[in-house]
Amino acid sequence: MKALSINNLKKTYKGGLDALKGIDLDVEEGDFFALLGPNGAGKSTAINVISSLVTKSSGKVEILGIDIDQNHSLAKKEFGVWLDKRSILINLRKYLT
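If you want it as structure tokens, here you go:
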């Protein structure tokens, strides 16, 4: 089962800023996943959309097969995020070597 499935996720802010331009991503249950990229790449927007803090413009997001639009409260119970922790890089190094 997929822990997270994202299909053609788009977010356009007022004024026409395209923060997300059709993201597709599948994370299998039990996998580790990190969202990395430069400033302005859309990382925070993607996390905010997945966690339903920001409304997406279009696309589909499922958490453990639960569509966040159809069953928001149940999907939210299954989602957790770890933000702004530099120690992840130190710990991640252990698994990559």
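Each residue of the sequence shown is one higher than the one before, counting from 4 in the numbering used here.
Here a beta-carbon is modelled for each residue, glycine too, at the ideal position from N, C-alpha and C.
Only a predicted model underlies this, so the values are computations on that prediction, with no experimental measurement involved.
Listed in chain order, the beta strand (DSSP E) elements of length 3 or more contained wholly in the stretch 8 to 74 are 21 to 31 and 61 to 66.
Closest option to Val-57, judged by alpha-carbon separation, among Lys-13, Gln-73 and Gly-18: Lys-13. Here Leu-38 is exposed: its Cβ has fewer than 16 other Cβ atoms, across all protein chains shown, within 10 Å. Leu-7 and Leu-28 have their alpha carbons spaced roughly 8 Å apart. Non-local C-beta neighbours of Ile-53 in its own chain, meaning closer than 6 Å and more than five positions away in sequence, comprise Val-64, ordered along the chain.
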